[in-house]
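Trainee: Here you go, one structure.
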Amino acid sequence: MRHVVVIGGGIVGLAVANELASRGSRVTVLEKERVWGAHQTGHNSNVVHAGLYYKPGSLKARMSVAGNASMVAFAREHGVPVDVCGKLVVATSPDELPRLHDLAARAEANGVPAKLITAAEAREHEPEVACVAALRVESTAIIDYPAVCAALVGLLSEHDLRLSSPALAIRSAPGGVEVATPQGVVRADALVNCAGLHSDRVARLAGLTPSARIVPFRGEYFELRRTSLVRGLIYPVPDPTLPFLGVHLTRMLDGSVHCGPNAVLALRREGYRWRDFSLTDVADVARFPGTWRLARRYARTGAEEVLRSLSRKRFAASLARLVPAVREDDLVRSEAGVRAQAMLPDGSLVDDFLIETAARQVHVLNAPSPAATGSLEIAQHVADRLTDSFE
4 MRHVVVIGGG IVGLAVANEL ASRGSRVTVL EKERVWGAHQ TGHNSNVVHA GLYYKPGSLK
64 ARMSVAGNAS MVAFAREHGV PVDVCGKLVV ATSPDELPRL HDLAARAEAN GVPAKLITAA
124 EAREHEPEVA CVAALRVEST AIIDYPAVCA ALVGLLSEHD LRLSSPALAI RSAPGGVEVA
184 TPQGVVRADA LVNCAGLHSD RVARLAGLTP SARIVPFRGE YFELRRTSLV RGLIYPVPDP
244 TLPFLGVHLT RMLDGSVHCG PNAVLALRRE GYRWRDFSLT DVADVARFPG TWRLARRYAR
304 TGAEEVLRSL SRKRFAASLA RLVPAVREDD LVRSEAGVRA QAMLPDGSLV DDFLIETAAR
364 QVHVLNAPSP AATGSLEIAQ HVADRLTDSF E
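The numbering used here puts the first residue of the sequence shown at 4, with every later residue one more than the last.
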């Protein structure tokens, strides 16, 4: 029986651990926080994505489409709240129509159930929406990802699950790997790195030179006071020249409506507020040449995101493009999230999931959205790669 140590107790790490356990491995999971899913898993929009945005054939496309089905099935099997409510992607002006049609074609290529509809048909789903046309995506769902983590922890109850256990050092050993923690050394046959915001650092601890660097982007959210304005999920047509989707409106399982996120550079890898600052993390970003190349490429967009972060009026105006009735005083600031985005030295953001391997090691180096949606599929892929690493 192989013993595998998994570093990171978010949804991807726990899903990987569960998949390895189902294949007969003995598993130790090391999580540095006091709770499971403390960061990206616990600070996202809780959307089960359909898979329409991603390049056909990419890991994101395949694992999001398959993950949509497997995650909903997992939730229903294990009593996790889930609602397959569908969503609208709306074109708010005629110049966005070509991009909406391109998105519909991509949805078809990826096998995503989606239909182009008129503005009148869109208002049947969302009476307050403003658009010239829309794409109705039926398989998008809302879920409770922390509850998924709790279900995975329950399935792993016979294995070694350790909270408050950061990986302090890693070294290869004869026939395996050794990981130093505050509680002592964990010796295992293999290692899987699912450390999210710290995945590149864990890879370097393990002796790898990862091809990308993690750069943290904070996504800020508001809640909508007048929840009656939104019935489900309303997204803008994404601009393919920009790296993020843009602010959108999402009705949660509890009936609240979350608005956002924007995207600003975080000053700490776990920097959920402007005042969260780490000199080490800022210096790490500043020394990386890709940061400055990205900044030059998206200088205007970055400035607009910062201004929107500082101005509730600007944030409301962005939302009012989708739902004109939204006013500044409708918005109440909510929790933010931080996206662990892998960046290459040339300043490009890694567009797909990035998984690198070494002997008896697998490192998940880029797993932002839709990683939660595809976590059960990522787990199977990682388990296969780990098997290959023994050969």
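Quick reminder that beta carbons are idealized off the backbone N, C-alpha and C, glycines included.
Should Lys118 be labelled buried (16 or more other beta-carbon atoms within 10 Å of its own) or exposed?
Mentor: Exposed: under 16 other Cβ atoms inside 10 Å.
Trainee: Hey, is Leu270 close to the ligand FMN, as in C-beta under 7 Å from one of its heavy atoms?
Mentor: This structure simply doesn't include the ligand FMN, nor any ligand for that matter.
Trainee: At what residues does the beta strand (DSSP E) containing Arg216 begin and finish?
Mentor: Arg216 to Gly222
Trainee: What are the partner residues of Glu226, as DSSP defines its beta bridges?
Mentor: His261 and Val335
Trainee: Indicate whether Arg216 and Ala345 have their beta-carbon atoms separated by less than 8 Å.
Mentor: yes
Trainee: Compare the Cα-Cα distances from Arg26 to each of Val7, Ala94, Leu313 and Pro371 and report the closest residue.
Mentor: Val7
Trainee: Taking the alpha carbon of Gly210 as the reference point, which residue from Glu36, His366, Gln186 and Val19 has its own alpha carbon closest?
Mentor: His366
Trainee: Tell me which residues share the same chain as Arg324 and place their Cβ nearer than 8 Å to its Cβ, disregarding the 5 neighbours each side in the sequence.
Mentor: Thr95, Ala133 and Pro239
Trainee: Out of Asp242, Cys152 and Leu347, state which residue places its alpha-carbon closest to the alpha-carbon of Ala41.
Mentor: Cys152
Trainee: Taking Cβ positions, are Ile10 and Ala170 nearer each other than 8 Å?
Mentor: yes
Trainee: Output yes or no for whether 8 Å exceeds the beta carbon distance between Leu227 and Leu334.
Mentor: yes
Trainee: Rounded to whole angstroms, what's the CA-CA distance from Ser312 to Ala319? Just pull it up for me.
Mentor: Between Ser312 and Ala319, the C-alpha separation is close to 11 Å.
Trainee: Would you mind stating whether Glu124 and Leu232 have Cβ atoms separated by less than 8 Å?
Mentor: no
Trainee: Among the residues of its own chain, which have a CB less than 7 Å from the CB of Ala432, if the five just before and after it don't count?
Mentor: Only positions 4 to 394 of the chain appear in the structure, and residue 432 is not among them; the question remains open.
Trainee: Buried or exposed, going by whether 16 or more other CB atoms sit within 10 Å of the CB of Pro373?
Mentor: Counting Cβ neighbours within 10 Å, Pro373 comes out buried, since at least 16 surround it.
Trainee: If contact is defined by three or more beta carbon pairs under 8 Å, each pair taking one atom from either stretch, is the segment 137-149 in contact with the segment 65-76?
Mentor: yes
Trainee: Using 8 Å as the threshold, is the C-beta distance between Ala20 and Val32 below it?
Mentor: Yes, the pair counts as a contact, with Cβ atoms nearer than the cut-off.
Trainee: Between the C-alpha atoms of Ala193 and Arg5, what's the straight-line distance to the nearest angstrom?
Mentor: 8 Å
Trainee: Using the rule of at least 16 other Cβ atoms within 10 Å of the residue's Cβ for burial, across every protein chain shown, is Ala289 buried or exposed?
Mentor: exposed
Trainee: Pick out whichever of Gln186, Gly178 and Ala176 has its Cα sitting closest to the Cα of Leu164.
Mentor: Gln186
Trainee: Could you name each continuous beta strand (DSSP E) segment of 3 residues or more that falls completely within the segment 292-366, going from the start of the chain to the end?
Mentor: 334-336, 340-346 and 357-361
Trainee: With DSSP as the reference, please indicate the residues paired to Thr121 in a beta bridge.
Mentor: Ala136
Trainee: Assuming the contact rule is C-beta atoms closer than 8 Å, Gly222 and Ala339 should be a hit. Round their C-beta distance to whole Å, please.
Mentor: 6 Å
Trainee: By a C-beta neighbour count over all protein chains shown, 10 Å radius and 16 as the cutoff for buried, is Gly1 buried or exposed?
Mentor: Nothing can be reported for residue 1: it is not among the residues displayed for the chain, which extend from 4 to 394.
Trainee: Can you name the start and end residues of the beta strand (DSSP E) that Gly179 belongs to?
Mentor: Gly179 to Thr184
Trainee: Could you tell me whether the Cβ atoms of Gly274 and Val341 are closer together than 8 Å?
Mentor: Their beta carbons are under 8 Å apart, which means Gly274 touches Val341 by this criterion.
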